[in-house]
Ligand SMILES: Cc1cc2nc3c(=O)[nH]c(=O)nc-3n(C[C@H](O)[C@H](O)[C@H](O)COP(=O)(O)OP(=O)(O)OC[C@H]3O[C@@H](n4cnc5c(N)ncnc54)[C@H](O)[C@@H]3O)c2cc1C
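Numbering (our numbering), first residue to last: 1 to 396.
Below, the structure is given as structure tokens:
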């Protein structure tokens, strides 16, 4: 333990661990090999049992049917869930829905809350977030070709997005589109709620990511918006506030990812240690007797602990001072934790050798799924530049 955790939180963590072990661990062999659609029924049954057990929605407010945990406690829960495939999905705190819930909770009108927020928080529907476009550098989100042109009481949306995660089977998309091309760059776009049964909404394909196109929640789609009409009342916030709201979404969204990655790294680390001590190289010698493996284990342990403390400290700062005040810390953990997780996964895979490359352990699955951590929600380089800029301000 790195610091004292309240006994109620510890007890809650134990309940999450127990649920994950009894409900998700037995599903793991299927989860690494089957598409989401083949697992969905079993995962949904577990969602129901999570609700019955009072564990649903650790991040959701009590009003939305969740536990209303603060960010530090949610971080600790998230670390537990991260070690299990579909852990966050089963507890209703998975991306991109968790971020969309936060946006809706802050910016939705009463009508939008009833129609979109409540069923989303209850896990009755899913959503997606449609911002990145293939033709523009996603690292600079003000560059965007998708437009929403006002026509009476409606917006008409035209454009093409890609990597809209979980669009397949989602009930609605939150779409970023340019509503005023002549406004200053950060005032050009607005966020619009687009039901996926709107004429003109088309999933072109689920993009094959490292060989897996996936389906349902576990997919990333190319989406075309061809003359999609939505009422003006489907806009979130005021016209031109799209980027401001996106920033609000991305800040907490980044720390949610980091908290999950801590759990992924811990799981890989535990597997690595187990394998190192049981894989014999000779009659009296295991991998764990080799200095190079010991060095990896020591380095991973130290890096995991540093990443964990910095992430929890950032969560604490966000709770105390708000996410704006903690922006430097968020940038730091985004690349630090993603890099740490990548290193731990890579070393764990190496220790497992050929077994690590195949799907008989969850390591390869995590390795493939989580490589993108260093790219989405701001690539490493963007966060490093932004952190360094703020630090250097004091020296100029
Ligand atoms: C698995 C996955 C899921 C995603 N889910 C979603 C989603 O649900 N919704 C959505 O809208 N988008 C999503 N994205 C898109 C993601 O947000 C973008 O990939 C990201 O913003 C980077 O944009 P880009 O891919 O266009 O890279 P580019 O902007 O083309 O950048 C390419 C590379 O250039 C380097 N680089 C970029 N900027 C700088 C700089 N200023 N200085 C130095 N180097 C730089 C970085 O190494 C970067 O990786 C997802 C992406 C992935 C991979």
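The beta carbon of each residue, even a glycine, is placed where N, CA and C say it ideally should be.
Distance from the Cα of residue 196 is smallest, within the candidate group 249, 339, 90, 116, for 116. Per DSSP, the beta bridge partners of residue 201 are 225. Between residue 17 and residue 27, the gap from beta carbon to beta carbon reaches 8 Å or more. Here residue 372 has 209 as same chain residues with Cβ atoms under 8 Å from its own Cβ, once five neighbours each way along the sequence are excluded. If you compare the alpha carbons of 346, 260, 36 with that of residue 79, the shortest gap goes to 260. Annotation: the continuous alpha helix (DSSP H) that includes residue 273 extends over 242-278. Checking the 7 Å criterion, the Cβ of residue 219 is out of range of every heavy atom belonging to ligand 1.
For ligand 1, no non-hydrogen atom lies closer than 7 Å to the CB of residue 248. Taking the Cα of residue 205 as reference, the smallest distance to any Cα among 239, 167, 370, 172 is reached at 167. Under the three-state reduction of DSSP output, residue 157 falls in the strand class. In this structure, residue 155 has its beta carbon at no less than 7 Å from each heavy atom of ligand 1.
Between residue 46 and the set 11, 251, 317, 87, the nearest pair of CA atoms involves 87. Taking every protein chain shown into account, the CB of residue 394 has fewer than 16 other CB atoms within 10 angstroms, so this residue is exposed. Each of 141, 237, 277 was checked against the Cα of residue 377, and the nearest Cα belongs to 141. No heavy atom of ligand 1 is found nearer than 7 Å to the CB of residue 26. If you ignore the 5 residues before and after residue 37, its C-beta comes within less than 7 Å of the C-beta of 215, 216, all in its own chain and listed in chain order.
One alpha carbon belongs to residue 198, the other to residue 153, and they sit about 16 Å apart. Non-local beta-carbon contacts of residue 367 in its own chain, meaning distances under 8 Å to residues more than five positions away in sequence, involve 345, 346, 349 in chain order.
When 73, 268, 302, 333 are compared, the shortest CA-CA separation from residue 4 is found for 73. Annotation: residue 336 to residue 305 spans about 12 Å, alpha carbon to alpha carbon. The alpha-carbon of residue 130 is positioned some 30 Å away from that of residue 24.
Within a 10 Å sphere around the beta-carbon of residue 110 sit fewer than 16 other beta-carbons, which makes this residue exposed. The C-beta of residue 314 has 16 or more other C-beta atoms within 10 Å across all chains shown, which makes the residue buried.
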